[in-house]
Every structure is written in C-alpha cells, then in structure tokens.
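Engineer: Numbering-wise (my numbering), the sequence shown opens with residue 31 and increments by one. Ideal Cβ positions, reconstructed from N, Cα and C, are used throughout, including at glycine. Before I ask anything, here is the structure I am working with.
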Amino acid sequence: MKVPASAAQEKLGFKELLAIGVGGMIGGGIFSILGLAVGMAGTAAPWSFLVGTVLALFVGHAYARLAVRYPSDGASFVYLLRAWPQQPWLAVFGGWLIVLGYIATLALYAYTFAAYGAHLLGVPDAHWMRFLLSQGVLAVFLFVNLLGVRASGLAEDWLVYLKLFLLLGVALWGIAHPAHRWRFDLAAPTSVLLASGVLFVAFEGFQLITNAVQEAERPQRNVPRAIYAAIGLVGLTYFAVAVMAVGSLPVGAIVQAKEYALAAAVEPLLGAWGFVLVDVAALLATSSAIHATLFGCSRLMAEMAAKGDLPRALGRRNRAGIPSRALAALTGIGMAWVAVGTLDGIASFASLVFILTSIGVVASNWRLAAQTHTPRWISALGLVLLTLASTLVLKHIAAAEFPLLMGILGVMSTLAALAYRKQR
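Laid out in structure tokens, this is it:
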C-alpha cells in the first residue's frame, strides 16, 4: 500500500529540534572565545557565560514567539518586514548584516581551526603554519561545497550530542580533579557584561530552530521548548568549561594561550591526552561549522541576489544547482579576513553583528507584542541589556582596534544608505 505523502513526510520532534539548536551553537565558538572572556573578566569569566546565557534567553524568547506566529524560513528578515512593513529597507539591511555576521563567524572558525591545529602539531606560535591551515581548511570546504556535498552530518543527533557531552565531560572531569581550585572572584559589572557581549557569538546558532518551524511537529509547543532548552544546555556547558579553565591555570597563562585556551587549560589536569582530545574536538567542531556556514550563507546570498538585494552575479548557480559565485565570494572574503585579522577583532565584530541583529528581532517582537502575546516589559528589558552590551563591545573595539571600528561604522553606514536608497 502506498503511504500518503502527508504521512510519509517526517516531522521534526523536540529531540531533533534541540539537536539543531545545540549543534548550531557548539560549532567552534567556545574554543575561540574562552581566552578572550578570561582576559576581560579574569576569574569572574564563568559569570560572563551566565550573563551571556541570560542575554541569549531574551533573544531566544523573541525568536520563539515570532517563529510560532510567523512561521517562515526567512526568520529574521520576515520578522523585521512584519514589524516595519512601511520600511522594507530595514529588513534588507538586516539581511545584509546577517551575511556580514556569517562571514565573520566563518573567519572566526577558520582562525580557531588554525590555532588548535598548530597547537596539535607542536608549533602553536608558527604564523606560517596557521596561515596555511586557515587558508587550507576554507579551500577544502569550498571544494566540498562545490561538489554539492551537503553538511548533513550536523543534523545527526548523535554527532551533536557527542560534541555536547564531550565538552561537558571534559569540564566536569577537570573540575573533579584534585588539582582543580575553585576560584569565583567578582569583577566589575562592566567587565562581566563586556565579556558576555564579546562571547555572545558562542550562542549564535539557536536561530536555526526557527528555520525548521514549518517542518516541526507541534511547533507551538516544541519550537519554544527546543530554543529554551538548547540555550540552557549550552549555557550550562560553557559555564562548566569556564569554571574548569579558571581553576586549572592562572589568568595570565590562559590569556597567553587565548587562541587555544581550552586545550591549555585541560593539560595540567588531564595531561597530554587531554589537550590532544580537546584539539581534535576543536578541529572537528570548527570543520563542521565552516562546512555548514558556507552551505547556509551561500544559499542565503543567492536568494538575496535573486531578489535584487545583492549583485545578481552572486545568484548564479552551476549545473548542479550550487551557488558557486556566492561560495567563491564568501570563501575569498573569509580568507582575506582571517589572514589579516586578529582573534579579538574577528570575535568582537561577529558578536557585535549578532547582538545588533538580535536587537532588531527583539524590537520586532516588542512592536508585534499584541500578535505574539508577549509582555512588552520582557522585550524592553532585553533591549536595554542588549543595547548596553553592544555599547560596551563598541567601546572595547574603539580602544583595542580603532581602525576596525571605523571600518565597521563605514560598512554599516554604507549598507544602511544603500538599503534605504533601494527602497526609494
């Protein structure tokens, strides 16, 4: 008997949606920003991860409400368009910001892959090796994506949960080690919030759940639950990792090894096999994240190009239907950025863009409160915290990398002007 199409089409349950969110977040961010967070907040870094979790929950709440009310693969773009229908340039500008954020995270993942790869090879400070590894991994996954190989591994529940339990297991094992010291100092609130803003990129990824809302089983119930659970699980894992790190090494030693801080932190507690395990985990996590980012962002760019929101050439596809022009442009920009950028600069920019797009989504939920049945005070509080975090990150970039700040402001002003002009 032939199975009806409606029955044959599998729906994504809570477990699958949770795996999508967790897999999206644990893609390499924690491996790269741990050292930065410790450098900014010292032994109070674990609190920064908790604050980052709270910020992510405010954003997740907005995404959950909007996704259920306006189910669409367009997610952020659609929410902005619904909230400001008379100002469609805001949605276009938001789409461009998302593409910029993807490029920044792509550079961050390649940078992290190179740092941990060089550490595993025993030459952590060899810049030539890092250059070869960062350029090589981007070139490899450009080739893989051009072949049309999908990043389906990320969708496998077992792989996602393996990454989660590996990180959590290493953290708890390290905390339980007799040599581990409990250090929970309090830093200035601004230092903790600044660190939470810079590390916010490590929470980027739970939004992927909203892209699957139309394929979700009982979306009204499962989509919000999956978003909250994914953020909570990942946040607690990051907190445990930070507790282990600051109790394993002095702050100065972590900062000195900030580009491969997690591997350096486990070595005193778990020995050589511990840092090898973390290095390999970082290489796997960043590889899968690079693959998925190239796959997803190239298609987003192609769709935007087809609508005239990006140059038409980026929408061209090869005979296999692969957006080859978008892939090449994305990889080329990523290669250039990782070649000249610093870890602090790339991570700060990626987090800033993520925060700005999050502000747009939370503001959309505030405007559409009657339709999404959201108390306005929740969105208002989230907006205050996100705005404060973005202000501190901007101030940090201005102090640490002023030319980068000028570049950010120039690019964003240009994009906003182009989007507004396009509307007119």
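Please report the straight-line C-alpha distance between ALA71 and GLN401, rounded to a whole angstrom.
Structural biologist: Along the sequence shown, one-based indexing puts residue 71 at 41. Along the sequence shown, one-based indexing puts residue 401 at 371. Roughly 40 Å separates the two Cα atoms.
Engineer: Can you give me the start and stop residues for the alpha helix (DSSP H) that GLN237 sits inside?
Structural biologist: Taking the first residue of the sequence shown as 1, we reach residue 237 at position 207. Segment: none, GLN237 is in no alpha helix (DSSP H) and carries neither H nor E.
Engineer: Distance, Cα to Cα, ARG349 vs PRO341?
Structural biologist: As a position in the sequence shown, residue 349 is number 319, starting the count at 1. As a position in the sequence shown, residue 341 is number 311, starting the count at 1. Cα-Cα distance, rounded: 20 Å.
Engineer: Below 8 Å on the Cβ atoms is my contact criterion, and I expect GLU234 with THR73 to pass it. Report the Cβ-Cβ distance as a whole number of Å.
Structural biologist: Position 204 of the sequence shown, counted from the first residue, corresponds to residue 234. Position 43 of the sequence shown, counted from the first residue, corresponds to residue 73. Wrong, their Cβ atoms sit about 26 Å apart, outside the cutoff.
Engineer: Here's the rule I'm using: 16 or more other beta-carbon atoms within 10 Å means buried, otherwise exposed. How should THR220 be labelled?
Structural biologist: Looking up residue 220 in the sequence shown gives position 190. So THR220 ends up on the exposed side.
Engineer: Return the residue from the list LEU324, THR404, THR387 that minimises the CA-CA distance to MET365.
Structural biologist: Sequence index remark: in the sequence shown, residue 365 carries index 335 (1-based). Of LEU324, THR404, THR387, the residue nearest in Cα terms is LEU324.
Engineer: Measuring CB atoms only, is the region 242-257 touching the region 107-114, in the sense that at least three cross pairs come out at less than 8 Å?
Structural biologist: Touching, no, given that fewer than three Cβ pairs across the two stretches are closer than 8 Å.
Engineer: My output table needs one value for LEU177: the three-state DSSP class, helix, strand or coil.
Structural biologist: Within the sequence shown, numbered from 1, the residue matching residue 177 stands at position 147. Three-state DSSP puts LEU177 in coil, outside helix and strand.
Engineer: Identify which residue in THR404, GLY375, VAL170 has its Cα closest to the Cα of LEU229.
Structural biologist: The residue labelled residue 229 in the question sits at position 199 within the sequence shown. When only C-alpha atoms are compared, the closest one is GLY375.
Engineer: Excluding the 5 residues flanking TYR268 on each side, which residues of the same chain have their C-beta closer than 7 Å to its C-beta?
Structural biologist: Your numbering for residue 268 matches position 238 in the sequence shown. ILE60, PHE79, ALA232.
Engineer: With a threshold of 16 other CB atoms inside 10 Å of the CB of ASP155, please say whether the residue is buried or exposed.
Structural biologist: Taking the first residue of the sequence shown as position 1, residue 155 is located at position 125. Label assigned to ASP155: exposed.
Engineer: Please classify VAL370 as buried or exposed, where buried requires at least 16 neighbouring CB atoms within 10 angstroms.
Structural biologist: Start at 1 with the first residue of the sequence shown, and residue 370 comes out as number 340. Exposed: under 16 other Cβ atoms inside 10 Å.
Engineer: CB-CB under 7 Å to THR417, same chain, minus the five flanking residues each way: which ones, in chain order?
Structural biologist: To locate residue 417, count along the sequence shown from 1; it is residue 387. So the list reads ILE389, once near-sequence residues are dropped.
Engineer: Which whole-angstrom value describes the C-beta separation of HIS91 and ILE408, a residue pair presumed to lie in contact below a C-beta threshold of 8 Å?
Structural biologist: Numbered from its first residue, the sequence shown carries residue 91 at position 61. Numbered from its first residue, the sequence shown carries residue 408 at position 378. So it is a contact: roughly 6 Å between Cβ atoms.
Engineer: Start and end of the alpha helix (DSSP H) containing TYR219?
Structural biologist: As a working mapping, residue 219 is identified with position 189 in the sequence shown. Residue identity check: residue 219 is Pro in the sequence provided, not Tyr. Its alpha helix (DSSP H) spans residues 219-228.
Engineer: Taking the DSSP output, what are the residues bridged to LEU42?
Structural biologist: Locating residue 42 in the sequence shown gives position 12, where the first residue counts as 1. The partner list for LEU42 (beta bridge, DSSP) reads ALA246.
Engineer: Residues in the same chain with beta-carbon distance under 6 Å from ALA311, minus the five sequence neighbours each way, listed in chain order, please.
Structural biologist: Against the sequence shown, residue 311 aligns to sequence position 281. Excluding sequence neighbours, ALA311 sits near LEU196.
Engineer: Please identify the residue among ARG451, VAL190, LEU300 whose C-alpha is closest to the C-alpha of ALA260.
Structural biologist: Against the sequence shown, residue 260 aligns to sequence position 230. Minimum Cα distance to ALA260 is reached at VAL190.
Engineer: To the nearest angstrom, how far is the alpha carbon of LYS41 from that of ASN252?
Structural biologist: Mapped onto the sequence shown, residue 41 falls at position 11. Mapped onto the sequence shown, residue 252 falls at position 222. Answer to the nearest angstrom: the Cα atoms are 11 Å apart.
Engineer: For THR361, which residues in the same chain have their Cβ closer than 6 Å to its Cβ, ignoring the five residues on either side in sequence?
Structural biologist: The residue given as residue 361 occupies position 331 in the sequence shown. Closer than 6 Å at Cβ, skipping near neighbours: LEU168, LEU172.
Engineer: From VAL306 to ALA295, what does the alpha carbon distance come to, in whole angstroms?
Structural biologist: Translated into positions along the sequence shown, residue 306 becomes position 276. Translated into positions along the sequence shown, residue 295 becomes position 265. Going by the C-alpha atoms only, they are around 12 Å apart.
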